[in-house]
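**Q** Protein chains in written order, with our numbering: chain A, 1 to 306; chain B, 307 to 578; chain C, 579 to 921. Quick one: structure below, then a few questions.
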Amino acid sequence: MTGISDTPITGAPVADAAKFVPQRRWRYRLDRAFQIATIAATAIAILVLAWLLIDVLWNGLGSLSWTLLTSFPSRKPEEAGILAALAGTGWIMLLVAIFSFPIGVGSGLFLEEFSDDTWFARFVEINISNLAGVPSIIYGLLGLTAFVIVLGDYTGGRSILTGALTLTLLILPIIIVATRESLRAVPNSLRQAGYALGGNRWQVIWNHTLPASFPGILTGVILALSRAIGETAPLITIGALTFVPFLPDGPLSPFTVLPIQVYNWVSRPQKEFHDIAAAGILVLLVVLLLMNSVAVLLRSRFQKDR
Amino acid sequence: MQGISSPTKTDVAISVEQLNVYYGSNLAVRDVYLDVPRHQIAAFIGPSGCGKSTVLRCLNRMNDLIASARVEGNIFFEGQNIYPAGEAAKKFDPVELRRRVGMVFQKPNPFPKSIYENVAWGARINGYKGNMDELVERSLRGAAIWDEVKDKLKQSGLSISGGQQQRLCIARAIAIEPEVILMDEPCSALDPISTLKIEELMSSLKEKFTIVIVTHNMQQASRVSDRTAFFNAEATDAGGKVGYLVEYDDTEVIFGNPKEKYTRDYVSGRFG
Amino acid sequence: MSVEMSSENGSSLWQANYKRAKRLENIIKFLCGICAIISIATTAGIIGTLIFETIEFFKEVPFWRFLTDTRWTPLFQSKQFGIFVLISATLRTSGIAILVAVPLGLLSAIFLSEFASLRVRKVLKPLLEILAGIPSVVFGYFALLTVTPVLQAFFDFIRTPVMIPPWLDFLPFTNYYEPDYFLEIPFPYLQGFNALSAGLVLGISITPLVASLSEDAIYSVPQDLRAGAYALGATQRETILAVVIPAALSGIVASVILAISRAVGETMIVTLAAGQNPHLGLNPFVPVMTMTAYIVQVSLGDTAVGTLPYKTIFAVGMTLFLITLVLNIFSFWFVRRFRERYE
Chain A
1 MTGISDTPIT GAPVADAAKF VPQRRWRYRL DRAFQIATIA ATAIAILVLA WLLIDVLWNG
61 LGSLSWTLLT SFPSRKPEEA GILAALAGTG WIMLLVAIFS FPIGVGSGLF LEEFSDDTWF
121 ARFVEINISN LAGVPSIIYG LLGLTAFVIV LGDYTGGRSI LTGALTLTLL ILPIIIVATR
181 ESLRAVPNSL RQAGYALGGN RWQVIWNHTL PASFPGILTG VILALSRAIG ETAPLITIGA
241 LTFVPFLPDG PLSPFTVLPI QVYNWVSRPQ KEFHDIAAAG ILVLLVVLLL MNSVAVLLRS
301 RFQKDR
Chain B
307 MQGISSPTKT DVAISVEQLN VYYGSNLAVR DVYLDVPRHQ IAAFIGPSGC GKSTVLRCLN
367 RMNDLIASAR VEGNIFFEGQ NIYPAGEAAK KFDPVELRRR VGMVFQKPNP FPKSIYENVA
427 WGARINGYKG NMDELVERSL RGAAIWDEVK DKLKQSGLSI SGGQQQRLCI ARAIAIEPEV
487 ILMDEPCSAL DPISTLKIEE LMSSLKEKFT IVIVTHNMQQ ASRVSDRTAF FNAEATDAGG
547 KVGYLVEYDD TEVIFGNPKE KYTRDYVSGR FG
Chain C
579 MSVEMSSENG SSLWQANYKR AKRLENIIKF LCGICAIISI ATTAGIIGTL IFETIEFFKE
639 VPFWRFLTDT RWTPLFQSKQ FGIFVLISAT LRTSGIAILV AVPLGLLSAI FLSEFASLRV
699 RKVLKPLLEI LAGIPSVVFG YFALLTVTPV LQAFFDFIRT PVMIPPWLDF LPFTNYYEPD
759 YFLEIPFPYL QGFNALSAGL VLGISITPLV ASLSEDAIYS VPQDLRAGAY ALGATQRETI
819 LAVVIPAALS GIVASVILAI SRAVGETMIV TLAAGQNPHL GLNPFVPVMT MTAYIVQVSL
879 GDTAVGTLPY KTIFAVGMTL FLITLVLNIF SFWFVRRFRE RYE
């Protein structure tokens, strides 16, 4: 790398060559090594991801069959299926969406639009920040005590309803944060215009702020639900079963979900069960991919409109 | 190229020829010719947006850090073209240039390190072989801040006042013994007392260094500089504006008896 | 924000709407307040149940035993309740996870923010988000069924004796099996369930967290700090290491602490891959039972409510909750305390 010092220079006093020995070539070599290290780190993370996905595809694609999708679990891997698990996941997701959407959006509205920075609002904020960092299995313990034991008569004990309530509490902080960010992104000029026309706070929110922030809120809810769909530990703790040879007959019914079914099969020693576990994972990943794609599409449309 | 007079070539530290700077497809500054004489202070003045800082940043190739910036023309530092054409362009190393052409910025930007480390770090990476304590003290004295910080060398560089931080930045710039120091509006973020201190400092600095300073403050330029370049901007057909050099001469001429009308209007306060 | 309307104009139409609208607003505000209270109730519920059941637990098991027993056998005949058995397992898995996630995450963050072009970033950031979105049970599958066999094969390979010429006998780990000399590295045997595989995969799963939080911290370092370094003739690496990273350090450290907290609370990867054998110590090659894995094990069994084993899961849960709480609070405090210094 030629630099200026390589060619003789007339006239001016230069810094004494003995005083400064910049060793540029060595520094550039270190630069290159450092850059390679950062590329390598990123590459390792991405390659492991690729390895995992290829592994799941390789092992699971062969076992992915109509039988798998429509059967109940069985002691024989060739007859086992995820039907009950899919039904359980479907029920849980439906209820979680129904519960978490209003409560999460309502809390977000409260903190962002109604609160006027009182001590109460600050207290709620601190709570939510803390809750976001609590391990999911602790929510399971809460669900066990609150919904299975204390409220067991109303929730049916170890039922879909209990599972849905527990997961709702788990993902509420995510929805609240997403709601607040979407509301904050609405320009204040929009609100001012609403107030100027004589609307009160709720009218401005309902007619102007919420519609403008709705795509962002929806994106956040979908991402929160996609987190819930993969949750295993809290549901195990509240008593979701691992072997469910029946379809749930309502929200008060015992159940299992897809991740727990996968867990059950992975725990078995036989390779055939491992393969159908991989197939189950494929189904789970496809569902997640769909949900995230919808969320990303929504987000980009939202950004375009702005 | 009216209104530009240059000193004799052998006394010139930096020579700018036919400089055009583009940001993306917009021409920001056009047709700059000037010679910066050694051991003198050259000031760039003019209303904002005329490309003074842009030209300054070309002198140590700091514009390389801006992705959309493109420089055409030649700039000679001690006789060597720092914007060579063709093959040599790819191999040009700005790192060495920047050790010899230092820069002080508009907003003081000391590192989140101790005062000692702020001064020593630049010297260290450039392979300083001598006594570091001595160098740090010498540089802080040269920036007229030694007495104020000599008891708190281990404290963070951010713990001192704005004016002191700027002098710390000057100290770290002179620690690596450059030949030229570029100053981009060094006093505009400071209070009047700190400004005065730094202006006094500049007069002593030019004994060892060549200084080029961009300033919004005309009075400062007339107080401090030996030669002054007046930049202005004109509207382009595309609706933007492009900066250009109006007049470059000894300071007494620019402020006392300028040759160009725009110069006369600007220094007499009629615009800008 | 409501406007007072005068009552004289006979505009009773306007007034009726105004009162109704005001009432509606108050109802909605009340309902939203209820929603916000739910989060407080959740926290209260968590703390309440944990404290209640933990107290019940300590009525039966003395606190000093909880801390000093050397085994964890609450379901056996001779019951021991040494929590540090479980903590040592969590320590192993989380420790290995952090050793993986911090270098990978931080270097990736530096790559994305300092070296990568816009096009590369557009591809890589979604990929990292995909990695972040994969459920932990999938990682558990990967750790148990793929990573462990690979590691076992690799360690077997290291252990394979290699024939060496006699003059190399001075090296360590050489053995003489007549008539030849062999180099035989006594690498420990990796069991089918072990903390190492679980820790490695756990580390990969939290790398995106470290990467994205560190990237935010690096991104917020002001550009003129970098300019000051470049103007002194520094290279990009020198600027990053000596100026950018120290300036972003509070955010980076906070991201590491949050990653530790996440690793500690992780359940399915360790349950599937690390095993169910309570083992006190620091050996990562053996099956271990982390705090979270224990809770899962009991939940999967037929433990009746109110029995001692039932109470143990809350005692363990309380320990887990306190550890993550302290880590999270420390991370927030750290950012607040040190952020002023750098900006």
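By construction, the Cβ of each residue, glycine as well, lies at the ideal position given by its N, Cα and C atoms.
Taking the C-alpha atoms as reference points, what is the distance between residue 218/A and residue 103/A?
**A** Here residue 218/A corresponds to residue number 218 of the first sequence, with the count starting at 1. Here residue 103/A corresponds to residue number 103 of the first sequence, with the count starting at 1. In a straight line, the C-alpha of residue 218/A is about 14 Å away from that of residue 103/A.
**Q** To the nearest whole angstrom, what separates the beta carbons of residue 844/C and residue 666/C, a pair I think is in contact under 8 Å?
**A** Along the third sequence, read from residue 1 onward, the residue named residue 844/C stands at position 266. Along the third sequence, read from residue 1 onward, the residue named residue 666/C stands at position 88. Residue 844/C to residue 666/C, Cβ: 16 Å. No contact.
**Q** Keeping to the same chain, check which residues put their C-beta closer than 8 Å to that of residue 912/C; ignore five residues upstream and five downstream.
**A** Counting from 1 along the third sequence, the entry for residue 912/C is found at position 334. So the list reads 828, 831, 832, 835, once near-sequence residues are dropped.
**Q** So residue 838/C packs on residue 676/C, CB below 8 Å; how close in whole Å?
**A** Here residue 838/C corresponds to residue number 260 of the third sequence, with the count starting at 1. Here residue 676/C corresponds to residue number 98 of the third sequence, with the count starting at 1. So it is a contact: roughly 6 Å between Cβ atoms.
**Q** Quick one: which chain B residues come within Cβ less than 8 Å of residue 24/A?
**A** Start at 1 with the first residue of the first sequence, and residue 24/A comes out as number 24. Within 8 Å Cβ-Cβ: 399, 401, 402.
**Q** Cα-Cα, which of 757/C, 775/C, 752/C, 756/C is closest to residue 723/C?
**A** Taking the third sequence and counting its residues from 1, one reaches residue 723/C at position 145. Residue 723/C has its Cα closest to that of 775/C, out of 757/C, 775/C, 752/C, 756/C.
**Q** Could you check how far apart the C-beta atoms of residue 308/A and residue 726/C are, in whole angstroms? I think they sit under 8 Å.
**A** Residue 308/A falls outside the range modelled here, since chain A spans only 1 to 306, and no answer is possible.
**Q** If we ignore side chains and look at the alpha-carbon of each, how far apart do residue 607/C and residue 854/C end up?
**A** What you label residue 607/C is simply residue 29 of the third sequence in a count that begins at 1. What you label residue 854/C is simply residue 276 of the third sequence in a count that begins at 1. Their Cα atoms are separated by approximately 49 Å.
**Q** Answer with yes or no whether the minimum CB distance from residue 292/A to chain C is below 8 Å.
**A** Counting from one through the first sequence, the residue named residue 292/A turns up at place 292. So yes, residue 292/A belongs to the interface.
**Q** In whole angstroms, give me the CA-to-CA distance for residue 398/B and residue 391/B.
**A** To locate residue 398/B, count along the second sequence from 1; it is residue 92. To locate residue 391/B, count along the second sequence from 1; it is residue 85. Rounded to the nearest angstrom, the two C-alpha atoms are 10 Å apart.
**Q** With 8 Å set as the bound, which would you pick, yes or no: does the beta-carbon of residue 597/C sit closer than that to a beta-carbon of chain A?
**A** Here residue 597/C refers to the residue found at position 19 when the third sequence is read from its first residue. No, residue 597/C does not count as interfacial toward chain A.
**Q** Let me see if you follow: with CB-CB separation under 8 Å, is residue 815/C close to chain A or not?
**A** Stepping through the third sequence from its first residue, residue 815/C is reached at position 237. So yes, residue 815/C belongs to the interface.
**Q** What's the gap between the Cα of residue 848/C and the Cα of residue 190/A?
**A** Sequence index remark: in the third sequence, residue 848/C carries index 270 (1-based). Sequence index remark: in the first sequence, residue 190/A carries index 190 (1-based). Approximately 49 Å between the Cα atoms of the pair.
**Q** Would you mind telling me which residues of chain B sit closer than 8 Å to residue 810/C, beta carbon to beta carbon, in chain order?
**A** Along the third sequence, one-based indexing puts residue 810/C at 232. The contacting residues are 404, 405, 408, 427, 428, 431, 432, 478, 479, 482.
**Q** Comparing alpha-carbon positions, which option in 894/C, 701/C, 709/C, 615/C lies nearest residue 874/C?
**A** For the purposes of this step, residue 874/C is taken as the residue at position 296 of the third sequence. The residue with the shortest Cα to Cα distance from residue 874/C is 894/C.
**Q** Roughly how many angstroms lie between the CA atoms of residue 14/A and residue 413/B, to the nearest whole one?
**A** Start at 1 with the first residue of the first sequence, and residue 14/A comes out as number 14. Start at 1 with the first residue of the second sequence, and residue 413/B comes out as number 107. Residue placement at residue 14/A is poorly supported in this model, since its pLDDT is 47, which falls under 50; the coordinates still yield a value, given next. Approximately 29 Å between the Cα atoms of the pair.
**Q** Would you report the Cα separation of residue 692/C and residue 543/B, rounded to the nearest angstrom?
**A** Looking up residue 692/C in the third sequence gives position 114. Looking up residue 543/B in the second sequence gives position 237. Each residue's Cα considered, the two are about 37 Å apart.
**Q** Are at least three pairs of beta-carbons, each pair with one atom in the region 325 to 338 of chain B and one in the region 364 to 378 of chain B, less than 8 Å apart?
**A** The region 325 to 338 of chain B vs the region 364 to 378 of chain B: in contact.
**Q** Please classify residue 389/B as buried or exposed, where buried requires at least 16 other C-beta atoms within 10 Å of its C-beta.
**A** Here residue 389/B refers to the residue found at position 83 of the second sequence. With 16 or more other Cβ atoms within 10 Å, it is buried.
**Q** Would you tell me roughly how many angstroms separate the C-alpha atoms of residue 877/C and residue 238/A, rounded to the nearest one?
**A** Position 299 of the third sequence, counting from 1, holds the residue named residue 877/C. Position 238 of the first sequence, counting from 1, holds the residue named residue 238/A. Taking the straight line from one Cα to the other gives about 8 Å.
**Q** According to the Cβ coordinates, are residue 161/A and residue 95/A closer than 8 Å?
**A** Taking the first sequence and counting its residues from 1, the one referred to as residue 161/A is at position 161. Taking the first sequence and counting its residues from 1, the one referred to as residue 95/A is at position 95. Cβ distance < 8 Å, so residue 161/A and residue 95/A count as in contact.
**Q** Show which residues of chain A have a CB atom less than 7 Å away from the CB atom of residue 653/C.
**A** Reading the third sequence from its first residue, position 75 is the one you call residue 653/C. Those do not exist, as residue 653/C stays about 17 Å from chain A at its closest Cβ, beyond 7 Å.
**Q** Answer yes if the region 227 to 237 of chain A comes into contact with the region 252 to 267 of chain A, meaning at least three C-beta pairs across the two stretches below 8 Å, and no otherwise.
**A** Enough Cβ pairs lie closer than 8 Å, so yes.
**Q** Tell me which residues of the region 635 to 663 of chain C have at least one Cβ-Cβ distance to chain A shorter than 7 Å, keeping chain order.
**A** Listed by position, the residues of the region 635 to 663 of chain C near chain A (Cβ gap below 7 Å) amount to none.
**Q** Kindly indicate if chain C contains any beta-carbon less than 8 Å away from that of residue 368/B.
**A** To locate residue 368/B, count along the second sequence from 1; it is residue 62. So, interface residue.
**Q** Does the Cβ-Cβ distance between residue 347/B and residue 519/B come in under 8 Å?
**A** As a position in the second sequence, residue 347/B is number 41, starting the count at 1. As a position in the second sequence, residue 519/B is number 213, starting the count at 1. Cβ distance < 8 Å, so residue 347/B and residue 519/B count as in contact.
**Q** Tell me whether residue 648/C is buried or exposed, calling it buried when 16 or more other Cβ atoms sit within 10 Å of its Cβ.
**A** If you number the third sequence from 1, residue 648/C lands on position 70. It is exposed - the Cβ of residue 648/C has fewer than 16 other Cβ atoms within 10 Å.
**Q** Output the distance between the C-alpha atoms of residue 283/A and residue 709/C, rounded to the nearest integer angstrom.
**A** For the purposes of this step, residue 283/A is taken as the residue at position 283 of the first sequence. For the purposes of this step, residue 709/C is taken as the residue at position 131 of the third sequence. Going from the Cα of residue 283/A to the Cα of residue 709/C covers about 17 Å.
**Q** Return no unless some Cβ of chain C is closer than 8 Å to the Cβ of residue 418/B.
**A** Residue 418/B sits at position 112 when you count from the first residue of the second sequence. Answer yes: the Cβ-Cβ gap between residue 418/B and chain C drops below 8 Å somewhere.
**Q** Select from the region 601 to 624 of chain C all residues with a C-beta closer than 7 Å to any C-beta belonging to chain A, and list them in chain order.
**A** Hits within the stretch, in order: 602, 603, 606, 607, 609, 610, 611, 613, 614, 616, 617, 618, 620, 621, 623, 624.
**Q** Using 8 Å as the threshold, is the C-beta distance between residue 742/C and residue 717/C below it?
**A** One-based indexing of the third sequence puts residue 742/C at position 164. One-based indexing of the third sequence puts residue 717/C at position 139. No; because the gap between Cβ atoms is not below 8 Å, this pair is not in contact.
**Q** Of all Cβ atoms in chain A, is any one closer than 8 Å to the Cβ of residue 908/C?
**A** Within the third sequence, the letter at position 330 stands for residue 908/C. Closer than 8 Å: no.
**Q** Can you list, in chain order, the residues of the region 210 to 232 of chain A whose Cβ is nearer than 7 Å to any Cβ on chain C?
**A** Those residues of the region 210 to 232 of chain A that come within reach of chain C (Cβ to Cβ, closer than 7 Å) are 226, 230, 232.
**Q** Report the option in 80/A, 75/A, 82/A, 92/A whose CA atom is closest to the CA atom of residue 252/A.
**A** Mapped onto the first sequence, residue 252/A falls at position 252. Taking only the C-alpha atoms, the option nearest residue 252/A is 92/A.
**Q** Going along chain B in order, which residues have a C-beta closer than 8 Å to the C-beta of residue 307/A?
**A** Since the first residue of chain A shown is 1 and the last is 306, residue 307/A is not available in this structure.
**Q** Can you have a look at residue 122/A and say buried or exposed, based on whether 16 or more other CB atoms are within 10 angstroms of its CB?
**A** Counting from 1 along the first sequence, the entry for residue 122/A is found at position 122. Exposed is the call here.
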